[in-house]
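J.:
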Amino acid sequence: MLEMNLIVTGALVLAVLILISKTVVILPQNMAYIIERLGKYYETQTAGLQFVIPFIDRIAYRVSLKESAIDIPSQSAITKDNISLTIDGVLYIKVMEPYKASYGIDNYVYAVIQLAQTSMRSEIGKLDLDKTFEERDSLNIKIIHAINQASAAWGVQVMRYEIKDINPPASVLDAMEKQMRAEREKRASILDSEGKRQAAINIAEGDKQATVLAAEAEREQQVLKAEGEARSITLVAEAKARALTMIGQAAATPEGQAAVLLDLASEAIAAKKAIARESTVVLMDNDKSSAGSTVAEALGVVAAIQKSGVLS
């Protein structure tokens, strides 16, 4: 009898433990449980300690609220200018409403992948080949907008979309390489011609400035030379004027007059001597060729000057 009681007690304890384990639910962070009661949606439970009624409530769906990265398989797309491309990408999604993600669609991950591929093909078809490389960021934004419009009913939001690779055919790649090579050669030729043109302009400007500077230097030199000559003439004239003034002042005295007479006589004698040296034959009056006659002539000149009133 005792053994039977122990068995019953153990069975009851085990049943209680099982009941408690079925009743108490601990949810981890960023997880949501969809609870159904008798087969019908009852509530959405989030992280923490939660309770359910065993055999009546059940956890129908376990939904992760973390942001997930989904690889988009490679696919073919045709551009506006009829170039076939192979494109793949990566999609980042997050469940915003667990109820819609559970009951709004059967498999929201598969649906989002299909929607991303169709949206990508649609947007690629609106662009030329060159624009698909230039407007990659704009293309990503347009695809995100198109996906979010459709996935709002599924409680899913696309956070980011990135195109990983865009692979055109080999023939197109070869043509693009030739085009880029031609563009590089064109830019190099333009830069070379621009450099030569700028060099010629710089040389011409340098020659022009050198000519102008040389002309200005020559003009300044001529001005300085003219000013120097004018200054020299002025100084000579001033010196002569001062000399004449001094001579005039000295000649106004008897001693000065005597000196003037002596100077005139000396100059007359020197002049006749010069004539005699320069000529091989000199014909002169015998009386006038003597020194006394020369002095007499000088005295006559002085007397004439005195009569005129210059020497008083």
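Quick note, in the numbering used here, the sequence shown goes up one by one and the last residue is 314.
Glycine residues also receive a C-beta, built at the ideal position from the N, C-alpha and C atoms.
From Val15 to Pro100, what does the alpha carbon distance come to, in whole angstroms?
T.: Residue 15 sits at position 13 when you count from the first residue of the sequence shown. Residue 100 sits at position 98 when you count from the first residue of the sequence shown. Cα-Cα distance, rounded: 36 Å.
J.: Mapping DSSP to helix, strand and coil, what is Pro75?
T.: If you number the sequence shown from 1, residue 75 lands on position 73. Residue state, collapsed to three classes: strand.
J.: What span of residues does the alpha helix (DSSP H) with Asn109 cover, start to end?
T.: Residue 109 sits at position 107 when you count from the first residue of the sequence shown. Careful: Asn109 lies outside any alpha helix (DSSP H) and carries neither H nor E.
J.: Arg123 by DSSP, collapsed to three states: which one?
T.: Counting from one through the sequence shown, the residue named residue 123 turns up at place 121. In the displayed model, Arg123 falls within a helix according to three-state DSSP.
J.: So, at 7 Å on beta carbons, what are the nonlocal neighbours of Pro171 in its own chain, with the 5 sequence-adjacent residues on each side left out?
T.: On the sequence shown, position 169 is the one that residue 171 refers to. Hits under 7 Å: Ser86.
J.: Quick check on the burial criterion: 16 or more other C-beta atoms within 10 angstroms. Buried or exposed for Ser191?
T.: If you number the sequence shown from 1, residue 191 lands on position 189. With fewer than 16 other Cβ atoms within 10 Å, it is exposed.
J.: Can you tell me whether Ala217 is helix, strand or coil according to DSSP?
T.: Taking the sequence shown and counting its residues from 1, one reaches residue 217 at position 215. Correct three-state label for Ala217: helix.
J.: Between the C-alpha atoms of Lys210 and Ser234, what's the straight-line distance to the nearest angstrom?
T.: If you number the sequence shown from 1, residue 210 lands on position 208. If you number the sequence shown from 1, residue 234 lands on position 232. The straight-line gap from Cα to Cα measures roughly 35 Å.
J.: For the beta strand (DSSP E) that contains Asn84, what are its first and last residues?
T.: To locate residue 84, count along the sequence shown from 1; it is residue 82. That residue, Asn84, is in no beta strand (DSSP E); it is neither H nor E in DSSP.
J.: Select from Leu21, Ile165, Pro75 and Tyr94 the residue whose C-alpha is nearest the C-alpha of Ile58.
T.: Position 56 of the sequence shown, counted from the first residue, corresponds to residue 58. With respect to the C-alpha of Ile58, the residue from Leu21, Ile165, Pro75 and Tyr94 having the closest C-alpha is Leu21.
J.: Beta-carbon separation of Lys188 and Ala155 under 8 Å?
T.: Within the sequence shown, the letter at position 186 stands for residue 188. Within the sequence shown, the letter at position 153 stands for residue 155. Not a contact, by the Cβ cut-off of 8 Å.
J.: Do the segment 122-129 and the segment 49-64 make contact, defined as three or more Cβ pairs closer than 8 Å?
T.: no
J.: Express the C-alpha separation of Arg244 and Thr255 in angstroms, rounding to a whole number.
T.: To locate residue 255, count along the sequence shown from 1; it is residue 253. To locate residue 244, count along the sequence shown from 1; it is residue 242. So the alpha carbons of these two residues sit roughly 18 Å apart.
J.: Are three or more beta carbon pairs between the segment 157-169 and the segment 90-97 nearer than 8 Å?
T.: yes
J.: Using the C-alpha atoms, what's the distance from Val54 back to Asn142?
T.: Within the sequence shown, the letter at position 140 stands for residue 142. Within the sequence shown, the letter at position 52 stands for residue 54. Rounded to whole angstroms, Asn142 to Val54 spans 43 Å at the Cα level.
J.: Figure out for me which residue from Asp130, Tyr105 and Val26 has the closest Cα to the Cα of Leu51.
T.: By 1-based counting over the sequence shown, the position of residue 51 is 49. Here the closest residue by C-alpha is Val26.
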